[in-house]
Structures are given as C-alpha cells and as structure tokens.
Amino acid sequence: MNNVLRHHLFWPVAALVALLVANTVARPSFLSITIRDGHLFGAPVDILRATAPLLLVALGMTLVIATRGIDLSVGAVVAVSGAVALSHIASSPNPESPVTVLTAIAMALALCLVLGVWNGFLVSVLGIQPIIATLILMTAGRGVAMLITGGMITTINSAPFKVLGSGFWLGLPVAAVIAFGVFAVVAFVVRRTALGMLLEATGINPAASRLSGVRSKTLTWTVYTASGLFAGLAGLLISADTMAADANNAGVFIELDAILAVVIGGTALSGGKFNLSGTLVGALVIATLERTVTVLGISPLVTPLFMALVVIVVTLLQSPRMRERLTAATRRQAVTPPEPQPAARPDSTEVKAR
C-alpha cells in the first residue's frame with residue numbers, strides 16, 4: 001500500500017477516477033459510447049478531443065520545465081498559428097483544395113518553429129531568464145496575430161481543414177489521434193534514448209552537466225523549439241475546431257492550463273526529473289474537470305472557484321510533505337498491535353457456586 005501511495009500517478013489517477021464517478025452518478029449514461037456512421041460518439045470521446053490541444057502544449061511545457069525553464073508564450077503561439085493558416089486559406093481562390101490546406105499548415109508550423117527558435121535563442125544564447133524571454137513573445141505574439149488577421153476574426157469554410165478539428169479516423173477523432181500520436185513518439189524518443197537523461201541532467205545542474213560534456217545550450221534551444229512547434233500544432237487543432245482565427249481569445253490561458261497539467265502529473269517546476277505519463281493524466285484531469293462543470297450544472301459564476309478547489313486538493317495530495325504524512329500514517333496503522341481485550345468478569349451465578 002505504501003508503494004502505491006508513493007507512486008507519482010496515484011493521486012492524479014485517483015482524481016480522474018473521482019471525476020468520472022461524479023459524472024456517472026449525475027448522468028448514468030456519461031460513459032456510454034455509441035457508433036454512428038462508423039464513428040465513436042459520447043462524453044469520453046469528447047474528452048479525448050478536448051484534451052488534444054492541451055496535451056500538445058503540455059508536452060512541450062514538460063520538456064521545457066525539465067530544463068528548469070518555463071514557456072509563457074505558448075498561448076500567443078497558438079493564436080499566431082491559427083491566424084497564419086486561416087488567413088492563407090481565406091485569401092486562396094480555392095479554400096477546398098488540399099494543396100492550399102497543406103500549404104497553410106506548413107506555413108503556420110514553420111512560423112511557430114521560428115518563434116520557438118527565438119525563445120530558445122534568448123534563453124540559451126543570450127542567457128535571459130526563461131520567464132522574461134517568453135514573456136516578450138507572450139506580449140508581442142497576439143499583436144503579431146492581430147496584424148496577420150487585420151484585427152478581425154477570420155472565418156473560413158474548408159472541409160479538408162475542418163477534418164483536423166472535427167474529423168474522424170478509424171472511428172476516433174483526428175485531433176486525438178494526432179495529439180496522442182505525437183505524445184507516443186516523444187515519449188518513445190525521450191525514454192528509449194539518452195535524451196531524457198540528458199534533459200534531467202541539464203535541469204538538475206546545468207553547470208555540472210555542461211562540464212561533463214552535455215550540450216546544455218543545444219538541449220535548451222531544442223526544447224523551446226519543440227514547445228513552439230507543438231503549440232503551433234495545437235493552434236491548428238483549435239482553429240480547425242471553430243473554423244475561425246480569433247487573435248484575442250484563441251489559446252487564452254492555455255499556458256496556465258499546461259503548467260497546471262504538468263504540476264498535477266508530478267513534475268516539479270524546479271526542473272530535473274519529469275513525468276510524461278503524469279502530464280498525460282494531468283491533461284485528462286483538466287479536460288474532464290471542464291466537462292464535469294457542465295454535467296453537474298454548476299453555475300458559471302462559481303465555475304472558476306469549483307475548478308480551483310479541485311486543483312488545490314490534487315496539488316496538496318501531490319506535495320512531498322503530504323505524501324510523507326500519508327505514508328507515515330499507513331505505516332503506523334500497519335505496525336500498531338491490536339489493543340488487548342479486557343478479561344471477562346464471571347457472572348453472579350459462578351461466584352455463588354464458588
């Protein structure tokens with residue numbers, strides 16, 4: 001039991017299960033999945049689709065945090081990505097052309113890659129603090145998106161592009177397939193090669209890792225570039241879901257949700273060891289929590305308070321001190337001997353007989 005409580009995934013998974021149980025009690029058909037036209041439909045499928053953009057952003061955030069950094073610009077990068085893609089498709093004479101859509105996607109991802117390289121340059125080469133370096137793009141990025149869209153909400157009607165947000169592949173949402181596929185590739189590369197160990201070494205002690213031959217600056221540059229690329233891909237999924245590019249509202253606060261997903265998953269903001277599996281569970285917890293608010297009929301006025309309370313409980317249970325106390329309490333219960341039972345008194349008839 002102690003080993004179970006110590007596991008970094010225990011409390012995030014417990015929180016996810018509790019949310020699913022609460023939704024099922026409020027709506028017994030919550031976990032039911034139906035098949036229509038060869039596609040899967042139901043609340044669990046909707047949760048997977050809603051998790052996809054957040055998972056991509058949180059994936060890049062995990063790698064950045066592993067190097068003792070932070071990326072506050074991912075929300076602005078999401079807005080820039082959608083603005084570039086939809087502006088190109090809207091200005092094209094044939095928005096339904098797959099070539100036009102692929103070109104728009106390539107342009108958006110290329111620009112987001114450049115933005116990630118810019119963040120990495122500021123942090124690894126110029127030595128600017130990550131929170132300041134990414135705050136620059138966080139502030140200027142939405143201005144760039146506004147310039148691209150001309151200050152207007154750009155809308156399009158393109159079936160090939162809409163597939164990214166609401167299409168299906170083998171019965172599953174395309175957005176979920178893309179996000180979980182990227183997650184699987186990154187997890188395989190990080191955990192099956194020395195890259196994960198090098199990232200952890202850079203986050204634990206950058207100076208010592210550099211002296212031991214680890215290219216800390218190159219690794220730092222790489223993770224910020226990857227974070228920008230993943231945020232750009234998330235922006236494409238979000239804009240394809242709404243078929244609109246809103247520079248002011250697209251990806252608002254997604255950087256905070258991504259950081260929260262990383263923390264819920266057990267990765268410390270101080271850098272070093274990181275948990276990609278925990279990030280996945282954390283993203284699922286946040287997406288399920290947003291769905292729970294609707295299912296339970298909680299008023300929009302108190303929705304932020306409800307979500308904050310749930311997050312506070314999960315993060316407190318994740319804290320090292322709380323884990324130690326729970327482990328110590330479990331040990332005491334295991335080693336405490338049972339209290340001796342008092343000897344039975346002889347009844348009056350036995351006393352008289354003696």
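For the sequence shown, UniProt numbering gives the first residue as 1, with consecutive numbering after it. By construction, the Cβ of each residue, glycine as well, lies at the ideal position given by its N, Cα and C atoms. Here the structure is a predicted model, which means the values were calculated and not measured.
Comparing C-alpha positions only, which one of the options sits nearest to residue i?
i, options, result
"Leu309", "Ser92, Asn275, Leu289", "Leu289"
"Thr62", "Ile259, Arg192, Thr294, Ile131", "Ile259"
"Asn249", "Ile47, Leu126, Ile153", "Ile153"
"Ala108", "Ala231, Gly297, Thr292", "Ala231"
"Pro98", "Thr218, Asn157, Val123, Ile132", "Asn157"
"Asp71", "Pro93, Gly213, Leu256, Val185", "Leu256"
"Thr103", "Ala207, Gly282, Ser124, Ser81", "Ser81"
"Gly60", "Leu147, Phe183, Val311, Ala207", "Phe183"
Classify residue i as buried or exposed, calling it buried when 16 or more other Cβ atoms lie within 10 Å of its own Cβ.
i, result
"Val25", "exposed"
"Arg354", "Any reading at Arg354 must be qualified, since the residue scores a pLDDT of 49, below 50, and its modelled position is unreliable; the value itself is stated next. With fewer than 16 other Cβ atoms within 10 Å, it is exposed."
"Phe188", "exposed"
"Asn275", "buried"
"Ser73", "buried"
"Ala280", "With the sequence shown as reference, residue 280 is identified as Leu, and Ala is not the correct amino acid for it. Its Cβ being crowded by 16 or more others within 10 Å, Leu280 is buried."
Indicate whether at least one CB of chain E lies closer than 8 Å to the CB of residue i.
i, result
"Val84", "Judged by its chain identifiers, the structure shown contains no chain E, having just a single protein chain."
Going by beta carbon distance, what residues of the same chain come within less than 8 Å of residue i, once the five residues before and after it are set aside?
i, result
"Ala18", "none"
"Val252", "Gly75"
"Thr218", "Ser124"
"Val285", "Pro12, Ala15, Leu16, Leu19, Ala261, Ile264, Val314"
"Gly143", "none"
"Met307", "Leu289, Glu290, Val293"
"Ala50", "Ala287, Glu290, Arg291"
Short of 7 Å in beta carbon distance, which residues of its chain neighbour residue i, apart from the five on each side in sequence? Order them along the chain.
i, result
"Thr149", "Ala83, Ser87, Ala245, Ala247"
"Ile105", "Ala85, Leu236"
"Val174", "Val163, Leu164, Gly167, Phe168"
"Val123", "Gly69, Pro130, Ala133, Thr220, Tyr224"
"Val295", "Asn23, Ala26, Arg27, Phe30"
"Thr155", "Met243, Ala244"
"Val177", "Trp169"
With a threshold of 6 Å on Cβ separation, who are the neighbours of residue i within its own chain once the five nearest residues in sequence on each side are excluded?
i, result
"Leu234", "The question names Leu, but residue 234 is Ala in the sequence shown. Taken in chain order, the residues that qualify are Pro53, Leu56, Val57, Val78."
"Val351", "Residue confidence for Val351 is low, a pLDDT of 46 falling below 50, so the modelled location carries little weight and cannot support an answer."
"Gly196", "Val190"
Our contact map puts residue i next to residue j with C-beta atoms below 8 Å; I'd like the distance itself, whole angstroms only.
i, j, result
"Gly141", "Leu229", "That belief does not hold up - the Cβ atoms of Gly141 and Leu229 are roughly 15 Å apart, past 8 Å."
"Gly278", "His8", "6 Å"
"Pro160", "Glu96", "7 Å"
Three or more C-beta pairs below 8 Å linking the segment 29 to 41 and the segment 232 to 246: no
Three or more C-beta pairs below 8 Å linking the segment 60 to 74 and the segment 221 to 230: In short, these stretches touch, since the Cβ pair count reaches three.
At least three beta-carbon pairs within less than 8 Å, the segment 265 to 280 to the segment 107 to 121: no
Contact between the segment 39 to 50 and the segment 277 to 295 (3+ Cβ pairs under 8 Å): yes
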